[in-house]
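Chemist: Here it is: the structure, laid out below.
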């Protein structure tokens, strides 16, 4: 269990899928079910989104219930630490991790800020150019985050030792870390 909290060393793709990705998907579904069953006031359906006609996707509502918020709080550091170790395996460091994990949120928050400015301050003639700018910022942040996610999930690790430690697939590597 200690391998979930340390950010030093490397983690193989197989270990990342088996010990991080699949369990977090299962826990996400389980906590979503708990929220749906015991806290229906916090859950929304796709039908609610279609009927509300808001510019808000169903994805943004994930984690609104108490169980999913709790999972997010409890899993934040282990997800960061294991994700960083997975990036170490492909030869990337903390700067790359910060860029790929923060960029989507910067795009999202920038779009929210610019949208408020646009709606409350800008004359209607400026809406089109501002919308293009907002879309570009959101798209750039999303693409950077998507690339980082693909790298962690599907890119093979570098063979042999790199500056972050020994190859987790080598016979001499610690199996609890790999």
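In our numbering, the protein residues as written are 306 to 483. Quick reminder that beta carbons are idealized off the backbone N, C-alpha and C, glycines included. The structure displayed is predicted, hence computed values, not measured ones.
State the Cα-Cα distance for the pair residue 401 and residue 379, rounded to the nearest angstrom.
Modeler: Answer to the nearest angstrom: the Cα atoms are 24 Å apart.
Chemist: Going by CA-CA distance only, name the one from 475, 476, 318, 307 that's closest to residue 393.
Modeler: Of the listed residues, the one whose Cα sits closest to residue 393 is 318.
Chemist: Along the chain, where does the alpha helix (DSSP H) containing residue 376 start, and where does it finish?
Modeler: That run of the alpha helix (DSSP H) goes 371–394.
Chemist: Check the DSSP bridge columns for residue 470 and list the partner residues they point to.
Modeler: In the DSSP output, where bridge partners are listed per residue, residue 470 has 467.
Chemist: Can you tell me the Cβ-Cβ gap for residue 311 and residue 386, rounded? I've got them flagged as a contact below 8 Å.
Modeler: Right, their Cβ atoms sit about 6 Å apart.
Chemist: When the distance is taken between beta carbons, is residue 405 closer than 9 Å to residue 458?
Modeler: Taking 9 Å as the Cβ cut-off, residue 458 and residue 405 do not qualify as a contacting pair.
Chemist: My assumption, with CB atoms under 8 Å, is that residue 340 sits in contact with residue 370. Please give the rounded CB distance.
Modeler: Confirmed, about 3 Å.
Chemist: How many Å lie between residue 467 and residue 343 at the Cα?
Modeler: Near 48 Å, if we compare the C-alpha coordinates of residue 343 and residue 467.
Chemist: To the nearest angstrom, how far is the alpha carbon of residue 439 from that of residue 447?
Modeler: If I take the Cα positions, the gap works out to 12 Å.
Chemist: Which of helix, strand or coil does DSSP assign to residue 457?
Modeler: Here residue 457 sits in helix by DSSP.
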